[in-house]
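What follows is a short report on a single structure.
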Amino acid sequence: MFKKILIANRGEIALRVIRTCREMGIKTVAVYSTADRDSLHVRFADEAVCIGPPISKDSYLNIPRIISAAEITNADAIHPGYGFLSENDEFSRVCQEYGIKFIGASPEMIQKMGDKATAKATMIAAGVPCILGSDGLLDSIEQGVEIAKEIGYPVILKATAGGGGRGMRIVHDESGFKKAWDDARQESGAAFGNDGLYLEKFVEEPRHVEIQIVGDSFGNVSHLSERDCSIQRRHQKLIEETPSPAVNKALRDKMGAAAVKGAKAIKYEGAGTVEFLVDKHSNFYFMEMNTRIQVEHPITEEVTEFDLIKEQIKAAAGVEVSGDHYYPKLYAMECRINAEDPVNGFRPSPGKITNLHMPGGHGVRVDSHVYAGYTIPPNYDSMIAKLIVSGQSRDEVLTRMKRALQEFVIEGIKTTIPFHIHMMDDEQFKSGNFTTKFLDDFDFSQLRD
Ligand code: MV4
Numbered sequence: 002m003f004k005k006i007l008i009a010n011r012g013e014i015a016l017r018v019i020r021t022c023r024e025m026g027i028k029t030v031a032v033y034s035t036a037d038r039d040s041l042h043v044r045f046a047d048e049a050v051c052i053g054p055p056i057s058k059d060s061y062l063n064i065p066r067i068i069s070a071a072e073i074t075n076a077d078a079i080h081p082g083y084g085f086l087s088e089n090d091e092f093s094r095v096c097q098e099y100g101i102k103f104i105g106a107s108p109e110m111i112q113k114m115g116d117k118a119t120a121k122a123t124m125i126a127a128g129v130p131c132i133l134g135s136d137g138l139l140d141s142i143e144q145g146v147e148i149a150k151e152i153g154y155p156v157i158l159k160a161t162a163g164g165g166g167r168g169m170r171i172v173h174d175e176s177g178f179k180k181a182w183d184d185a186r187q188e189s190g191a192a193f194g195n196d197g198l199y200l201e202k203f204v205e206e207p208r209h210v211e212i213q214i215v216g217d218s219f220g221n222v223s224h225l226s227e228r229d230c231s232i233q234r235r236h237q238k239l240i241e242e243t244p245s246p247a248v249n250k251a252l253r254d255k256m257g258a259a260a261v262k263g264a265k266a267i268k269y270e271g272a273g274t275v276e277f278l279v280d281k282h283s284n285f286y287f288m289e290m291n292t293r294i295q296v297e298h299p300i301t302e303e304v305t306e307f308d309l310i311k312e313q314i315k316a317a318a319g320v321e322v323s324g325d326h327y328y329p330k331l332y333a334m335e336c337r338i339n340a341e342d343p344v345n346g347f348r349p350s351p352g353k354i355t356n357l358h359m360p361g362g363h364g365v366r367v368d369s370h371v372y373a374g375y376t377i378p379p380n381y382d383s384m385i386a387k388l389i390v391s392g393q394s395r396d397e398v399l400t401r402m403k404r405a406l407q408e409f410v411i412e413g414i415k416t417t418i419p420f421h422i423h424m425m426d427d428e429q430f431k432s433g434n435f436t437t438k439f440l441d442d443f444d445f446s447q448l449r450d
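In case it helps, my numbering puts the sequence shown at residues 2 to 450.
Set out below in structure tokens:
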């Protein structure tokens, strides 16, 4: 087992990794930018190394500085958390070259799953259901128009280097094809330095349902059931829950088996997530695979009793996993508490937390790095806490979540708490019958007090 892990991240996920390392008897090294001097991850780690200024490319994204920090502290592994360098194939490769175990995917795996057209082709070959579309990248706009004619509109153009919705355009008819093509090319070229596009039939009003998997170096892959992440705004998830209101045991078995089949085909090791779209007829289709721990992993932990960070560390250390599947024993939901103003377009609201009270009690978990008197720097993403609630039924979780949200006091900044309180009383949300479009026509001005 590793003796010392460097955490190449900040905020709640850095703290989350430190907590598991402490329980496993593994020493920790925090790295931090000058904006994060007063962060809890710096205080809770056994050692801490300042790696640069607030701007991410000179600190949390700076590979030489992070490797140097690992070298001088003698860390034998690096946990990248999510975001930052967690799906950076070059970082995974440099760790390898320096004999430091990267607690994440191999450089080849990151590359293969990071290129969405390649990932899709790989899953098709493995027999995982995928959406009808182009056979890999489109060579020309004419080829795209031709394929769209065959499969029928609407279609969607997707950037192969994309993810998070960037470089994506829906096309409703042939007359709109050229503009969509030009826009998607331009946007993906600018954002990723890669303007390769592929095409798919557009699935209207789907749900986003993802399967958590864990693989080992012996070829075993377990799945830990699904998370429903349909409640999102501009590709930012706001609420996640498990089990999904749209998934019964039969569908869970099918989706779980498909995710495991795909992961086995690529000899996947460690924790990963296979994302699917689920349509109104309960057909499911592979979308993307994430080769990292995800923000919303705690809801799976609450319903399966696994510590997913521990599973990641074990898999990286060469420990065998069961190759079994695990069903939810409970219901769990996560509300992302962001330092954003939901009545003003979710505008970031950094600044000092003048007063803070975190909720508690039965079935309530808060993963957060903030404390009373802490100043949220403007340089990083605005998530300041994850409120995770579990219970015996979805109804119990909804009422418990509302209670916990009402207990939550954060003063000095705006947060997404009022939005979440509203959602716990929203009839459509409560019914469980919603899709990824739910927030598209949501009136956020009604949250004004
Ligand atoms: C789709 C789709 C409908 N049809 N693909 C959004 C981000 C990227 N991961 C893929 N996405 C979508 N792909 C086809 N063929 C709809 C979306 C989509 C979406 C997916 C999951 C969660 C929220 C979403 C919001 C808008 C569009």
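The C-beta atom is built at its ideal place from N, Cα and C for all residues, glycine as well. No experiment lies behind these values; they were computed from the predicted model shown.
Tell me whether the beta-carbon of residue 412 lies closer than 8 Å to the beta-carbon of residue 356.
Sequence index remark: in the sequence shown, residue 412 carries index 411 (1-based). Sequence index remark: in the sequence shown, residue 356 carries index 355 (1-based). Their beta carbons are under 8 Å apart, which means residue 412 touches residue 356 by this criterion.
Strictly closer than 5 Å from CB to any heavy atom of the ligand MV4: give me those residues in the order they appear in the chain.
132, 157, 166, 201, 203, 204, 209 and 437
What's the C-alpha gap between residue 143 and residue 438?
Here the question's residue 143 lines up with position 142 in the sequence shown. Here the question's residue 438 lines up with position 437 in the sequence shown. If I take the Cα positions, the gap works out to 30 Å.
Bridge-paired residues (DSSP) for residue 112
Numbered from 1 along the sequence shown, position 111 holds the residue referred to as residue 112. Partner(s): none; residue 112 has no beta bridge.
So what does DSSP say about residue 451, is it helix, strand or coil?
In this structure the chain extends from 2 to 450, so residue 451 is not present and cannot be described.
Considering residue 230, what are the terminal residues of the beta strand (DSSP E) in which it resides?
Here residue 230 is taken as the residue at index 229 of the sequence shown, counted from 1. Looking at the DSSP string, the run of the beta strand (DSSP E) that includes residue 230 is 222-234.
Taking the beta strand (DSSP E) that residue 275 belongs to, which residues open and close that run?
Numbered from 1 along the sequence shown, position 274 holds the residue referred to as residue 275. Here the beta strand (DSSP E) through residue 275 covers 271-279.
Buried versus exposed call for residue 2 [16 or more other C-beta atoms within 10 Å across all chains shown]:
In the sequence shown, counting from the first residue as 1, residue 2 sits at position 1. Label assigned to residue 2: exposed.
Using DSSP with H/G/I as helix, E/B as strand and the rest coil, what is residue 284?
On the sequence shown, position 283 is the one that residue 284 refers to. Note: residue 284 maps to coil in three-state DSSP.
Would a C-beta distance cut-off of 8 Å place residue 436 and residue 206 closer than the cut-off?
The sequence position of residue 436 within the sequence shown is 435, counting from 1. The sequence position of residue 206 within the sequence shown is 205, counting from 1. Contact: yes.
With distance defined between alpha-carbon atoms, name the residue in 221, 354 and 285 nearest to residue 415.
Position 414 of the sequence shown, counted from the first residue, corresponds to residue 415. Residue 354 is the option with its Cα nearest to residue 415.
Residue 211 in three-state terms, based on DSSP
To locate residue 211, count along the sequence shown from 1; it is residue 210. Three-state result, residue 211: strand.
Proximity to residue 53 [Cα-Cα], best of 171, 32, 125 and 322
Locating residue 53 in the sequence shown gives position 52, where the first residue counts as 1. Comparing Cα positions, the closest option is 32.
Please name the residue or residues paired with residue 336 in a DSSP beta bridge.
Reading the sequence shown from its first residue, position 335 is the one you call residue 336. Note: residue 336 sits in a beta bridge opposite 240 and 388.
DSSP-derived helix/strand/coil call for residue 146
By one-based count along the sequence shown, residue 146 stands at place 145. Residue 146 falls in the helix class under three-state DSSP.
Note down, in chain order, each residue of its chain lying with its Cβ closer than 6 Å to the Cβ of residue 27, except the 5 sequence neighbours on either side.
Translated into positions along the sequence shown, residue 27 becomes position 26. These residues qualify, in order along the chain: 3 and 6.
Please report the straight-line C-alpha distance between residue 122 and residue 328, rounded to a whole angstrom.
Position 121 of the sequence shown, counted from the start, is the residue given in the question as residue 122. Position 327 of the sequence shown, counted from the start, is the residue given in the question as residue 328. When rounded, the distance between both Cα atoms is 29 Å.
Of the residues 366, 383 and 372, the one placed nearest residue 392, counting alpha carbons only:
Within the sequence shown, residue 392 is the residue found at index 391, counting from 1. That would be 366, whose Cα lies nearest to the Cα of residue 392.
With H, G and I counted as helix, E and B as strand and the rest as coil, what does DSSP make of residue 162?
In the sequence shown, counting from the first residue as 1, residue 162 sits at position 161. Coil at residue 162, not helix or strand.
Indicate the three-state DSSP secondary structure (helix, strand or coil) for residue 48 in the structure shown.
Your numbering for residue 48 matches position 47 in the sequence shown. Residue 48: strand per DSSP, three-state reduction.
Helix, strand or coil at residue 373 [DSSP, three-state]
Position 372 of the sequence shown, counted from the first residue, corresponds to residue 373. Three-state DSSP puts residue 373 in coil, outside helix and strand.
What does a CB cutoff of less than 8 Å around residue 104 pick up in its chain, not counting 5 residues either side in sequence?
Position 103 of the sequence shown, counted from the first residue, corresponds to residue 104. Once the five neighbours on either side are set aside, the close Cβ partners of residue 104 are 6, 78, 79, 80, 81, 271, 313, 314 and 317.
Specify the secondary structure class of residue 350 as computed by DSSP and reduced to three states.
Along the sequence shown, one-based indexing puts residue 350 at 349. Of the three classes helix, strand and coil, the one that applies to residue 350 here is coil, per DSSP.
Cα separation between residue 291 and residue 237?
Residue mapping note: residue 291 aligns to position 290 of the sequence shown, counting from 1. Residue mapping note: residue 237 aligns to position 236 of the sequence shown, counting from 1. Cα to Cα, the separation comes out at about 15 Å.
Collapsed DSSP secondary structure at residue 292 in the structure displayed:
Residue mapping note: residue 292 aligns to position 291 of the sequence shown, counting from 1. It is coil, neither helix nor strand.
Got a sec? Which residues, its chain only, sit under 7 Å from residue 22 by beta carbon, not counting five neighbours each side?
Taking the first residue of the sequence shown as 1, we reach residue 22 at position 21. Here the set comprises 6 and 29.
Report yes if the CB atom of residue 386 is closer than 8 Å to the CB atom of residue 243, and no otherwise.
The sequence position of residue 386 within the sequence shown is 385, counting from 1. The sequence position of residue 243 within the sequence shown is 242, counting from 1. Contact flag unset, no.
Should residue 410 be labelled buried (16 or more other beta-carbon atoms within 10 Å of its own) or exposed?
The count along the sequence shown starts at 1 and reaches residue 410 at position 409. Result: exposed.
Got a sec? Which residues, its chain only, sit under 6 Å from residue 148 by beta carbon, not counting five neighbours each side?
The count along the sequence shown starts at 1 and reaches residue 148 at position 147. Same-chain partners within the cutoff: 135 and 200.
Identity of the residues DSSP links to residue 1 by a beta bridge
Outside the modelled stretch of the chain, which goes from 2 to 450, sits residue 1, for which no answer is possible.
Tell me, which residues are paired with residue 309 by DSSP?
Here residue 309 refers to the residue found at position 308 when the sequence shown is read from its first residue. Partner(s): none; residue 309 has no beta bridge.
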